[in-house]
Amino acid sequence: MRAITRTAGVWGPAVFVGAAVVAGRLQPGYSHRDHHISGLAASGQRSAAVMIPGFLALGTATLVMPVPDGSLATLARTAGLGVIGAGVIPASQPRCPQPMVDPEATAADLGHGIASVLGFAAWTAIPFVAATRPGPAWYRQLNRVLRLTTAAGFVGAAATTRFDAPVKGAAQRGFLTSVFTWYLATAARTVRR
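Residue numbers for the sequence shown follow our numbering, beginning at 10 and rising by one.
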């Protein structure tokens, strides 16, 4: 069991990314560049059978992975709950209608949006906290870089979603690249100890 938790920062993102790749092939017309990952878990979609477990795996990994500091653990657990919430409360349609903007948005879209924003906000805060905590110099330095890339990714993902830009899927994946870099670095730090 200990090996599972110690490596959660590796297997959680890997299962999520793998699920997104497989689910993307199951959904006709889906584009990783144009569409949010949440669209793969949307209600009634064949791809949801693959993508929802991907959300749950990432959320669970985030809850159980060893994190080097109490404040970071709180942020990670918050992100994990947000990811699980986003999987359990799927968007109503693959295009992920925006609550309070799109007249077709439902209560499920609102719930999904709240869970997603909770996770994204916690993920964005993590490198800001991690960069200031004691620990290996390489880990602090990496988090100094991730502060910039994650914050920029968060703004880019939010802006492309708000304006329904055709590259919103690519922007979201850019944000997740920074987030998953933190997961991998944290797992490496845990294994090195």
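Glycine is no exception: its CB is placed at the ideal position from the N, C-alpha and C atoms.
Owing to the predicted nature of the structure, the values given are computational and were not obtained by experimental measurement.
So which of 95, 20 and 91 has the shortest CA-CA distance to residue 51?
Position 42 of the sequence shown, counting from 1, holds the residue named residue 51. The option with the nearest alpha carbon to residue 51 is 95.
Under 8 Å Cβ to Cβ from residue 41, same chain only, skipping five residues before and after it: list those, please.
For the purposes of this step, residue 41 is identified with residue 32 of the sequence shown, where counting begins at 1. Here the set comprises 29, 33, 178, 179 and 182.
Applying the criterion that 16 or more other CB atoms from any shown protein chain within 10 Å of the CB defines a buried residue, is residue 147 buried or exposed?
Within the sequence shown, numbered from 1, the residue matching residue 147 stands at position 138. Exposed is the call here.
Does the region 11-24 come close enough to the region 184-196 to have 3 or more Cβ pairs within less than 8 Å?
yes
Residues of its chain near residue 65, where Cβ-Cβ distance is below 7 Å and the 5 sequence neighbours each way are ignored:
Position 56 of the sequence shown holds residue 65. The residues are 93 and 96.
Which stretch, first to last residue, makes up the alpha helix (DSSP H) that contains residue 136?
As a working note, residue 136 is residue 127 in the sequence shown. Counting along the chain, the alpha helix (DSSP H) containing residue 136 begins and ends at 116-139.
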